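Structure first, then comments.
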Amino acid sequence: MHSFQELVVKFNKGFDTNHFPSSPTSLYEPGEYFLGIGGKRIRPVLCLLGNELFNEIHEDAFHLSNAVELFHNFSLVHDDMMDEASLRRGKATVHTKYDINTALLVGDVMLIRAYEYLQKIQSAHLNKILQLFNTAAKEVCEGQQLDMDYSKKDMVTMEDYIHMITLKTSVLLAASLEMGAIVGGASTANCKHLYEFGKNIGIAFQVQDDYLDAFGDAALFGKEAGGDIKQNKKTFLLIHALEVANQDQKLALTALLKYNGADKVEKVLELFKACCIDTWAESLKAKYLHKAFEHLESIAVTSDRKKPLIELANYLMNRNQ
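Remember, my numbering sits 79 above the position in the sequence shown when you count from 1.
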């Protein structure tokens, strides 16, 4: 069995190479630039962890993990454009460093390259993997659209928001684990529990992400401070604040949604802290983490094989960037 960090090293060794031809450089150089920024490579490593939970890592799991990482980066390039973000992982986003049209095509070609890696899978389970990959890919797009829709609404319920982030963030984490498990020969029941483990980890991860966007150190986080607040995104934090705020606080928060002054983020954070949103976020994160571990406990393999997944979950939930 490998630890999460050991699998990151193994994945990076194979992935950190050129994935595109040399020409035209105006298209492929920006693609290599963005992939070269790196990242934590959580999703592709989940493919490997899902495989190794049940069997020795198969070569197909590496093809699968390459596809997942390329798809994830495709979505990030386009998300950055939609969010008008200037930084990703502390570096200039593709549309900022180059231009919008180039960024569109860079994302497109990453998606195509992802399917080329899927084509390399020799497993008899390829059809099942493709179905799961395509479903997750479609749901990620649905989640991103809902995220943009919600930014224009005056009010979003907690139920609606959880549905959105399940699609946007959780399903790809969950599907990465399950696709790896399929390569490893897991049973249908074990696949279902592993998917639910990944889904709930994903929701907890998003709670953490929302928290860090508001309260985290921008230098460590690699994003602009308060980006969600500037975009009026209906995050866990804002939705709950509107639910628990007193009348004056609610009026102030509502007014700040229409305010674009330089001190907007500072003013919103003051209200969040007054509503104890930071401590509430920690308890919500713990709730979904508990659900995730319940499903992990139900998977019919020995406890020692689950240690890398427990290690990963704890790593994600204690990160500061």
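Just so it is clear, CB atoms sit at the ideal spot from N, CA and C, and this is done for glycine as well. Source: prediction; values computed, not measured.
Residue i and residue j look like a contact to me (Cβ under 8 Å); what is the Cβ gap, rounded to whole Å?
i: L149; j: R192; result: 5 Å
i: A371; j: N279; result: 4 Å
i: G306; j: A164; result: 6 Å
i: L222; j: L246; result: For the sequence presented, residue 222 should be read as Gly rather than Leu. Yes, they are in contact, since the Cβ atoms of G222 and L246 sit about 3 Å apart, within 8 Å.
i: L375; j: K385; result: 6 Å
Using C-beta distances below 8 Å, list every residue in its chain close to residue i, excluding the 5 sequence neighbours before and after it, in chain order.
i: M237; result: F315, I318, H319, E322
i: G93; result: F141, N145
i: Y274; result: A253, A254, L256, E257
i: Y367; result: N279, I280, I282, A283, V286
i: L332; result: L317, A320, L321, A324, V347, L350
i: V124; result: F83, L86, V87, F90, S144, L391
i: V188; result: F99, L106, Y107, G110
i: K232; result: K313
i: S101; result: Y107
i: V380; result: L132, F133, N269
i: I389; result: F372, L375
i: Y194; result: A146
i: S382; result: none
i: A171; result: S165
i: Q227; result: Per the sequence presented here, residue 227 reads as Met, with Gln not at that position. These residues qualify, in order along the chain: M161.
Is it true that the CB of residue j sits closer than 8 Å to the CB of residue i?
i: G169; j: G259; result: no
i: L190; j: F153; result: yes
i: P406; j: H98; result: Any question about residue 406 goes unanswered here, given that the chain covers just 80 to 400.
i: K343; j: S230; result: no
i: L251; j: H151; result: yes
i: Q201; j: D162; result: no
i: L127; j: I116; result: no
i: R167; j: D178; result: no
i: S377; j: H272; result: yes
i: L132; j: G264; result: no
Sorted by chain position, which residues of the same chain lie with C-beta nearer than 6 Å to residue i's C-beta, five sequence neighbours on each side aside?
i: E373; result: none
i: Y290; result: A360
i: T358; result: none
i: S249; result: K278, G281, I282
i: V173; result: P109, F113, V156, A182, V185
i: L225; result: M243
i: C220; result: none
i: N393; result: none
i: V199; result: Reading off the sequence shown, one finds Lys at residue 199, where the question assumed Val. Here the set comprises H142.
i: E218; result: L246, V250
Excluding the five sequence neighbours on either side, which residues of its own chain have a C-beta within less than 7 Å of the C-beta of residue i, listed in chain order?
i: C354; result: A320, V323, A324, Q328
i: V235; result: Y229, K313, I318
i: I241; result: I282
i: I261; result: H204, K207, I208, C270
i: N339; result: none
i: K364; result: A283, V286, Q287, M396
i: R120; result: V87, F90, N91, E148
i: I308; result: A293, K343, V344, V347
i: A215; result: V250, L251, A254
i: Q310; result: D162, S230
i: T61; result: Outside the modelled stretch of the chain, which goes from 80 to 400, sits residue 61, for which no answer is possible.
Worksheet item: For the stretch 81-156, which segments carrying the alpha helix (DSSP H) assignment without a break, of at least 4 residues, lie completely within its bounds, in sequence order?
Response: 83-94, 104-115, 121-131, all fully within the stretch 81-156.
Discussion item. My parser needs the alpha helix (DSSP H) runs of 4 or more residues fully inside the stretch 161-242; what are they?
Written reply: As far as the stretch 161-242 is concerned, its whole alpha helix (DSSP H) runs of at least 4 residues are 173-176, 179-197, 205-230.
Discussion item. Report the start-end ranges of each beta strand (DSSP E) in the stretch 305-359 that is 3 residues or longer and not cut off at the edges.
Written reply: Listed in chain order, nothing qualifies, since the stretch 305-359 has no complete beta strand (DSSP E) run of 3 or more residues.
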